[in-house]
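Novice: Each number in the numbering used here comes from the position in the sequence shown (counting from 1) with 33 added on.
Positions of the beta carbon are idealized from the N, C-alpha and C atoms, including for glycine.
These figures come from a predicted structure and were not determined experimentally.
Input: one structure, supplied below.
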Amino acid sequence: MVSERAIGVFDSGVGGLTVLKELCRQLPGEELIYLGDTARVPYGTKSPSTVSRYAQEAASFLTALGVKALVVACNTASAVALPQLEARFGVPVFGVIQPGAARAVQLTRTRRVGVIGTEGTIKSSAYTRAIQALDPRIEVRTTACPLFVPLAEEGWAEHPIALQVAQEYLGGLGLGDIDALVLGCTHYPLFKTILGQVFGPEVALVDSAEETAAAVARVLAEGDLLRRSPPGPHRFFVTDVPERFERVGGAFWGEPLVGVKQVEIG
Ligand code: DGL
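Below, the structure is given as structure tokens:
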């Protein structure tokens, strides 16, 4: 039965574990398969055609394992590759852009929304399009925060340096009078404390991971695709040796990652 199959989740590396964690929290009865393309991370600085090719290779790997749905945890891949994935693979495909955009539209009162993400995500304007498709009156202000990814991977998301970097990127960029900020990158939910300090309580931080997991839960329930039998253990695959993923990923995942397997894709 299709409902008894696992959900496939992929990202460029460890960051997508923030999405996986939310899926686990909101869908505890599901079995999850995670692929981190650690051999080719980062996606955020690469061209749309390269990211799209990588995303299709990751999706091919997961669909070959028989997943019932695909979650593109990577914002950069969601921004540039979603239509190709939806056209090519015969399972529901969830990106992280649409759910985050929809939540920001719900939350904003001033109709001024900020979006932060990788260079690739910001250049694609995917969030701006998604937000303005829902409400064209909303002004969207965007900026890339490339140093957030290495800071998070270093375990420095709450370090004073991270606060300084956040103030530098966000302080003077006209994000000043927004009332909702979309955390448009897998790594950025780790900066919620610091972003809360920079923006204050009147700016709602929109976590794309939470919104995406909620969208997956809703669609699976509507399609009668929720698993009925007890789930097996989650499985983790990476495209480079697992050591770094296990070490850095443990912090994203909240507990040690075990049994991570290295595979070749593409
Ligand atoms: N996963 C990427 C994203 O959400 C961040 C890391 C990368 O650049 O690959 O955009």
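Report the partner residues of Lys294 according to the DSSP bridge assignment.
Specialist: DSSP, once it has assigned bridges, lists Phe270 as partnering Lys294.
Novice: Do Ala110 and Ile130 come within 8 Å of each other at the CB atom, strictly closer than that value?
Specialist: no
Novice: Pick from Phe181, Ala242, Pro264, Leu118: whose alpha carbon is nearest that of Ser85?
Specialist: Checking every option, the nearest Cα to that of Ser85 belongs to Leu118.
Novice: Give the range of the beta strand (DSSP E) segment to which Thr176 is assigned.
Specialist: 172–177
Novice: Could you give the distance in angstroms between the alpha-carbon of Pro264 and the alpha-carbon of Val236?
Specialist: Between the alpha carbons of Pro264 and Val236 lies a gap of roughly 38 Å.
Novice: Do the region 39–46 and the region 94–102 make contact, defined as three or more Cβ pairs closer than 8 Å?
Specialist: yes
Novice: Check for me: the alpha helix (DSSP H) holding Tyr87 runs from which residue to which?
Specialist: 81–97
Novice: Sorted by chain position, which residues of the same chain lie with C-beta nearer than 7 Å to His220's C-beta, five sequence neighbours on each side aside?
Specialist: Gly48, Phe181, Val182, Ala185
Novice: Could you compute how far the alpha carbon of Ala72 sits from the alpha carbon of Gly46?
Specialist: So the two alpha carbons sit approximately 8 Å from each other.
Novice: Measuring CB atoms only, is the region 121–135 touching the region 63–79, in the sense that at least three cross pairs come out at less than 8 Å?
Specialist: no
Novice: Within the present structure, is the beta-carbon of Ser158 separated from the nearest heavy atom of the ligand DGL by less than 7 Å?
Specialist: no
Novice: Is Ala120 closer than 8 Å to Gly153 when the C-beta atoms are compared?
Specialist: no
Novice: Between the C-alpha atoms of Leu223 and Ser262, what's the straight-line distance to the nearest angstrom?
Specialist: 33 Å
Novice: Please list, in chain order, all residues of the same chain as Glu172 whose beta carbon is under 6 Å from its beta carbon, the five residues on each side excluded.
Specialist: Arg145
Novice: Does Phe122 come out as helix, strand or coil in the three-state DSSP assignment?
Specialist: coil
Novice: So, using beta-carbon positions, are Gly133 and Val239 closer together than 8 Å?
Specialist: yes
Novice: Cα-Cα, which of Lys54, Tyr76, Asp70, Met34 is closest to Arg277?
Specialist: Asp70
Novice: Taking 7 Å as the cut-off, does the CB of Thr109 come closer than this to any heavy atom belonging to the ligand DGL?
Specialist: yes
Novice: Determine which residues share a DSSP beta bridge with Ile40 and list them.
Specialist: Leu65, Ala102
Novice: Taking the alpha helix (DSSP H) that Leu303 belongs to, which residues open and close that run?
Specialist: Missing from the structure shown is residue 303; the chain here goes from 34 to 299 and no further.
Novice: Taking Asp44 and Ala106 to be in contact with their CB atoms under 8 Å, please state how far apart those CB atoms are, rounded to whole angstroms.
Specialist: 4 Å
Novice: Between the alpha carbons of Val274 and Ala88, how many angstroms are there, rounded?
Specialist: 19 Å
Novice: Using 10 angstroms around the beta-carbon of Leu259, count the other beta-carbons present and answer buried if the total reaches 16, otherwise exposed.
Specialist: exposed
Novice: Rounded to the nearest angstrom, what separates Thr272 and Trp189 at their Cα positions?
Specialist: 25 Å
Novice: Just curious, the beta strand (DSSP E) that Gly150 is in, first and last residue?
Specialist: Where Gly150 is concerned, the enclosing beta strand (DSSP E) stretches over 145–150.
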